[in-house]
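Just so we're aligned: the sequence shown equals residues 84 to 452 in the working numbering.
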Amino acid sequence: MPLSYRAAILHAPHEPLAIETVVAEPLAPGDVRVRIKAASLCHTDLEVIEGGLRFPTPIVLGHEAAGVVEEVGEGAEGLRRGDHVVLSWNPHCGGCFYCGRDLPILCEGYLANGPKALGFDGEARARLADGRPLHQLMYLGAFAEICTVPAQQAIVMPKELPFDRACLIGCGVMTGAGAAMNVAAIRPGDTVMVLGCGAVGLAAVQGARLAGAGSVIAVDLNDDKLRLAALMGADVQVNATAQDAANVAKERTGGRGADVVIESAGHPAVFRTSAEAVRPGGEIVWLGKIDVAQDVAFRWGSLMGEKRIRRSSYGGARPARDFPMLARAYLDGRLKLDELISRHIALDEINDGFAGLKRGETIRSVVMF
84 MPLSYRAAIL
94 HAPHEPLAIE
104 TVVAEPLAPG
114 DVRVRIKAAS
124 LCHTDLEVIE
134 GGLRFPTPIV
144 LGHEAAGVVE
154 EVGEGAEGLR
164 RGDHVVLSWN
174 PHCGGCFYCG
184 RDLPILCEGY
194 LANGPKALGF
204 DGEARARLAD
214 GRPLHQLMYL
224 GAFAEICTVP
234 AQQAIVMPKE
244 LPFDRACLIG
254 CGVMTGAGAA
264 MNVAAIRPGD
274 TVMVLGCGAV
284 GLAAVQGARL
294 AGAGSVIAVD
304 LNDDKLRLAA
314 LMGADVQVNA
324 TAQDAANVAK
334 ERTGGRGADV
344 VIESAGHPAV
354 FRTSAEAVRP
364 GGEIVWLGKI
374 DVAQDVAFRW
384 GSLMGEKRIR
394 RSSYGGARPA
404 RDFPMLARAY
414 LDGRLKLDEL
424 ISRHIALDEI
434 NDGFAGLKRG
444 ETIRSVVMF
């Protein structure tokens with residue numbers, strides 16, 4: 084008998100998500116079926132809803148999720164029924180040009196199949212009740228009771244880690260903390276500035292601390308988010324409506340500027356600020372994003388002085404290595420996740436959750452299944 088389950092489906096941009104019953108395809112070799120327990124709402128999902136990111140529809144969104152392995156396909160290694168897992172949205176082949184250069188985020192198969200919004204093999208993992216194939220965002224489609232993925236995307240986690248905390252690791256926390264710990268070359272005692280204190284930026288503040296930064300400057304437009312940044316280890320909080328972030332960076336470093344600037348706001352003005360705030364010879368990591376066709380202008384002098392700029396999409400993630408490390412940091416009290424959760428909601432409340440995210444009222448709303 085076919086497996087049916089409920090999912091939140093986007094039929095077209097600018098429309099509300101519809102909660103519908105869908106049908107799973109038979110489990111393919113190498114795949115595992117995961118019963119989702121928690122999935123959080125991310126700005127990337129909102130970009131698809133609003134048409135800023137364009138994918139085929141109908142599509143199930145959701146890419147920050149945790150759950151329990153319910154079924155293991157033939158040849159799926161390293162997983163057993165009952166394992167608690169966090170899902171990764173970056174499957175990779177392991178053998179292409181970029182995988183061979185330790186850049187799985189640029190895997191040729193990953194980039195080729197991503198725009199199709201299907202499984203890593205280019206095939207649908209579910210269909211609508213009328214038989215049409217169902218697309219899935221970022222190889223997951225986790226706003227659903229069930230998610231079917233290759234075994235490499237399901238990373239086993241300690242069972243004492245709550246699912247609502249675990250799901251955050253899969254995207255926002257990995258991206259922010261990883262930018263500081265894996266991408267930026269933060270040295271002990273460095274001054275690090277984080278621009279934008281949403282979920283990714285707050286994780287970057289904590290990653291900078293874990294990487295040994297001597298001082299962390301958090302910048303945002305929202306005082307509530309800055310208070311959270313202070314709780315998570317930022318020594319200095321700058322409301323950019325009242326203070327110039329680049330000037331603060333220089334004042335705190337004898338006129339040089341921050342050693343490392345991590346941008347997580349995704350706004351042209353903030354990209355420009357990152358170049359003004361970093362010192363000569365310093366490093367900028369861009370995490371935020373804007374429409375791919377939009378121009379960003381810089382004062383040429385701000386790019387001089389041997390500054391290094393790097394764009395990162397997933398914080399240099401190696402999920403099998405990094406997800407368990409972040410889970411252990413939370414369980415040991417070195418990483419704060421509870422404070423990132425603004426609301427717990429049911430799947431039927433998901434449109435209200437996205438409305439709150441658009442209004443800037445939440446860090447993360449988590450759908451509990």
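By construction, the Cβ of each residue, glycine as well, lies at the ideal position given by its N, Cα and C atoms.
Collapsing the DSSP output to three states places Thr336 in coil.
Burial check for Ala212: the Cβ neighbour count within 10 Å stays below 16, so the residue is exposed.
The beta carbons of Arg118 and Thr231 sit no closer together than 8 angstroms. The residue among Glu432, Gly436, Asp415 with its C-alpha nearest the C-alpha of Ser425 is Gly436. Nearest in C-alpha terms to Arg310, of all of Ala209, Gln219, Glu422, is Glu422. Relative to Arg163, the option among Ala341, Asn265, Lys372, Ala237 whose CA is nearest is Ala237. Taking every protein chain shown into account, the CB of Lys120 has 16 or more other CB atoms within 10 angstroms, so this residue is buried. Spatial neighbours of Ala159 in its own chain (CB-CB distance under 7 angstroms, excluding positions within 5 residues in sequence) are listed in chain order as Gly113, Asp114, Val115, Ala234. Secondary structure at Ser87: strand, using DSSP grouped into helix, strand and coil. In the pairwise beta carbon analysis, the segment 208-227 is classified as not touching the segment 370-388: fewer than three pairs are separated by under 8 angstroms. Note on Pro271: under 16 other CB atoms within 10 angstroms of its CB, so exposed under the neighbour-count rule. Ala286 is a Cβ neighbour of Gly259, given a cutoff of 8 angstroms. Note on geometry: alpha-carbon atoms of Gly316 and Leu110 lie some 44 angstroms from one another. 8 angstroms or more divides the Cβ of Arg401 from the Cβ of Glu366.
Between the beta-carbon of Thr140 and that of His175 there is about 26 angstroms, and that puts the pair past the 8 angstroms contact cut.
Restricting attention to Ile373, Val321, Leu244, Tyr397, the CA atom closest to the CA of Ala360 is found in Val321. Within the DSSP bridge table, the entry for Gly290 names no partner.
Cα atoms of Ala262 and Pro99: separation of roughly 33 angstroms, rounded to the nearest angstrom.
Excluding five sequence positions before and after Ile102, the CB atoms of its chain that fall closer than 7 angstroms to its own CB belong to Arg89, Ala91, Leu430, Asp431, given in chain order. Residue pairing by DSSP places Gly150 opposite Ile119, Val168 in a beta bridge. The Cβ atoms of Trp172 and Leu129 do not sit closer than 8 angstroms to each other. For the 8 angstroms CB-CB criterion, Met276 and Ala325 do not form a contact. DSSP lists no beta-bridge partner residue for Ala325.
As the crow flies, the alpha-carbon of Gly416 is around 12 angstroms from that of Gln289. Put simply, the backbone Cα of Arg137 is about 14 angstroms away from that of Lys372. The beta carbon of Arg404 sits closer than 8 angstroms to no other beta carbon from its chain once the five residues preceding and following it are set aside.
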